[in-house]
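Numbering (this note's numbering), first residue to last: 14 to 634.
Take a look at the structure set out below.
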Amino acid sequence: MLFKGGGLPHESLALQEKLFGAGPDYNFMTRIERFKNSLVRVQHFIRCCARYNLHDHADKKWFEGVAFPNEVSVLGPHSGMFIPTLKEQGSEEQIQKWVPQAEKHQIMGTYIQTELGHGTFVRGLETTATYDPKTEEFILNSPTLTSIKWWPGGLGRTCNFGIVMALLYIDGKNYGMHPFVVQLRSLKTHEPLPGLTMGDIGPKFGFDTVDNGYLQFNHFGIPRENMLMKYCQVLKNGTYTKQTRNPKFSYGAMIFVRSMVVYEVAGQGLAKACTIAIRYSAIRRQSELKKSRPEPQILDYQTQQYKLFPLLALAYAVWFTGVRMKEIYFMVNNEIKQGHTERLPELHAISSGLKAFTTSMASWGIERCRLACGGHGYSAASGLPKIYVNATGGCTYEGENTVMLLQCARFLMNIYGGVKNGRRPSGSVNYLGERISSRCTLTSEFTLKSLADAFKHRAARMIKEASERLNRLQASGNDPEDSWNLNSVVLTKAAEAHCHYYMVLVFESVVESVEDNCVKDILRQLCQLLALCGIQENSGDFIQDGFLNNDQLELVKQKQLSLLSEIRPNAVLLVDAFEFHDVQLGSILGRFDGNVYENLFKWAKKTPLNKPEDLIHRLLR
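Below, the structure is given as structure tokens:
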């Protein structure tokens, strides 16, 4: 119950459904077949939500994990961005008008921001919404080719509504980016409304079951009441009013998605890959360690352990960090509803930084798991290619990772500047106000506190150096923008160091909270391995200022290797603890029963290429 807790009953409900329990084999389908199959499952999922009274977001996500195994459904943008934006940006009247319809799936919506020419750089978006007081309408228009909306999930064929981010113009004045509720398709025929050119953007690296789309506006009018008006209003005569607010309120839905990505994309994706690779490594036997002895499990080879066990530790760390991110998001969101916005900048920064840090690590880790499975890992039957393409998408959607790290870094620079001026930081950055030890206290015991302190020192030093370098660049005559660009590599490294420390700290806190001593000892080993691998892989950061010496670095290497043999007896149990059903893994290599080879053979026989085909026979004669 360490991982899924109350989620298991909802997964069990989904597995009882014949349509979900079987699990589709998308490998033998065309893209159109995959998309249609997903729509059938979406319709059944909606009926199940009503039948089982599933209203809570978390309950639905557990159910979805079985209903759409290793696939992204069109429900994601609807429940993850469309509805939250309505709730966060809409007035009470607007919420009452649209949210009930959306929650009952009477309308299906998506979030429409990214354009052909701009994505993460929101200020570069070009779509316009010009207010006409005569008709009391906003006229939406795509003035350039690059202003065509591009990428929103569900836009291609599925959704009939969308929240469009566009530049508001009144009497020729630009009031900046605002959200507008736009009906896209007829509720009777589902055809695009006149004035809209829209469709699917075509095949992608993954996400075949989602119709990412494009949308071009040709002077398309919507009622004045369709601008979401919780914080800003346009009166009938064109008067613009707004409340004093944090500008990040406008991107609440994106903060929500970034917070969820850490857990749902990075954490679960890497955990699935580790489950497959470690189970398969316990089944696969190869070569000889000793003559005349049976071939050993490849999991007994130290090199295989060195590949996989650090990733297992990372999977646990990212999972725990994702859970913490979800908790913080809902906590801060409740504070915002009560008028307290002090922690919103920190939430924006840490969600951006962790989204980037964890998805990059997970994407790399999943690929390493595939390689650790040898030739069979390259087969679609392993499930690993599908897990990889789903996870690696998280490196670019909802903010390209480098840009996300720079957003986190900007927050860190502001906080560090405040510390220099006497302000006391709090939350995830409180350590920037502490006096950090200049020498490492690591001994052969490798206590979790001493390991966390090492990452604290690294983060604090790198943030300090990034800030000082930024100041030197400006002092030498560079303007702030050029100084930022010339320092951007150092800034991203500082943001990564902050996120790395945060993840180690979260893992340490989870270990200390466990009451069962046996479980605590096993988790401590994983936490130690995570931290020690992080130190070795970034050893230059730790020895640069003399914090860590060569003797301590040698101790780190020795302890790493000893932990591999300590973790080995529990490795399979540690991945079983994630409690992924075979349907969710979608992998023959990672089957719970270990019956890999027989099922690989059965799977290969199912490929359509093995069916008699006259044309193929004629071509091969």
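Every residue, glycine too, gets a C-beta built ideally from N, C-alpha and C.
Since we're looking at a predicted model, the values are computed, not measured.
query: Inside the stretch 360–415 only - alpha helix (DSSP H) runs reaching at least 4 residues; result: 397–405
query: Beta-carbon gap between Tyr188 and Tyr253 smaller than 7 Å; result: yes
query: 7 Å Cβ cutoff met for Ala80 and Phe58; result: yes
query: Rounded straight-line distance, which links the Cα of Val85 to that of Val569; result: 40 Å
query: Contacting residues, own chain, Cβ-Cβ under 6 Å from Ser600 (five flanking each side not counted); result: Ile289, Ser395 and Gly396
query: Thr254 - DSSP class collapsed to helix/strand/coil; result: strand
query: Own chain, CB closer than 7 Å to Met14, minus 5 neighbours either side, in chain order; result: Model confidence at Met14 stands at a pLDDT of 48, short of 50, so the residue's coordinates are unreliable and nothing is read from them.
query: Helix, strand or coil at Asn187 [DSSP, three-state]; result: strand
query: For Leu312 and Leu542, the rounded distance between their alpha carbons; result: 17 Å
query: Rounded straight-line distance, which links the Cα of Pro493 to that of Ile176; result: 34 Å
query: Beta-carbon separation (whole angstroms), Cys287 vs Leu324, contact threshold 8 Å; result: 6 Å
query: Euclidean distance between Cα positions of Phe459 and Leu545; result: 9 Å
query: According to DSSP, residues forming a beta bridge with Phe230; result: Leu209
query: Cβ neighbour criterion (16 or more within 10 Å) applied to Tyr610; result: exposed
query: Residue range of the beta strand (DSSP E) that includes Ala590; result: Per DSSP, Ala590 belongs to no beta strand (DSSP E) and is neither H nor E.
query: Classification of Lys604 by the beta-carbon crowding that lies within 10 angstroms, buried from 16 upward; result: Residue identity check: residue 604 is Arg in the sequence provided, not Lys. By the neighbour-count rule (16 or more Cβ atoms within 10 Å), Arg604 is buried.
query: Val223 versus Ile214 - alpha carbon distance; result: 11 Å
query: Lys145: first and last residue of the uninterrupted beta strand (DSSP E) it sits in; result: Correcting the residue identity first, residue 145 is Asp in this sequence and not Lys. First-last of the beta strand (DSSP E) with Asp145: Thr141 to Asp145.
query: Rounded straight-line distance, which links the Cα of Ser552 to that of Ile296; result: 35 Å
query: CB contact below 7 Å: Pro625 versus chain B; result: Included in the structure is just one protein chain, with no chain B present.
query: Neighbourhood of Gly93 by C-beta distance below 6 Å, restricted to the same chain and skipping five residues each side; result: Val270
query: Burial state of Met178, where buried means 16 or more other Cβ atoms lie within 10 Å; result: buried
query: Assigned exposure category for Arg198 - 16 Cβ within 10 Å defines buried; result: buried
query: Spatial distance of Asp72 from Tyr276 (CA atoms); result: 15 Å
query: Those residues which DSSP pairs with Cys245 across a bridge; result: Lys255
query: Sheet register partners of Gln114 (DSSP bridge); result: Gln114 pairs with nothing; no bridge assigned.
query: Span of the alpha helix (DSSP H), counted from its first residue to its last, around Ile291; result: Gln281 to Ile296
query: Of the listed residues Leu209, Arg482, Asp558 and Asp495, nearest to His232 (C-alpha basis); result: Leu209
query: Close beta carbons around Ala369, own chain, < 7 Å, minus the five adjacent residues each side; result: Asn414, Met417 and Leu418
query: Rounded C-alpha distance that separates Pro22 from Asn347; result: 27 Å
query: CA-to-CA distance, Pro216 to Glu204, given in whole angstroms; result: 22 Å
query: C-alpha distance - Thr159 paired with Gly226, whole-angstrom precision; result: 14 Å
query: Chain-order list of residues whose beta-carbon lies under 6 Å from that of Leu586 (same chain, five-residue window excluded); result: none
query: Backbone secondary structure at Pro306 - three-state DSSP; result: The question names Pro, but residue 306 in the sequence shown is Arg. Arg306 falls in the coil class under three-state DSSP.
query: Tyr124: first and last residue of the uninterrupted beta strand (DSSP E) it sits in; result: Gly122 to Ile125
query: Own chain partners of Val524 with C-beta closer than 8 Å, once the 5 adjacent residues on each side are dropped; result: Leu461, Lys533, Leu536, Arg537 and Cys540
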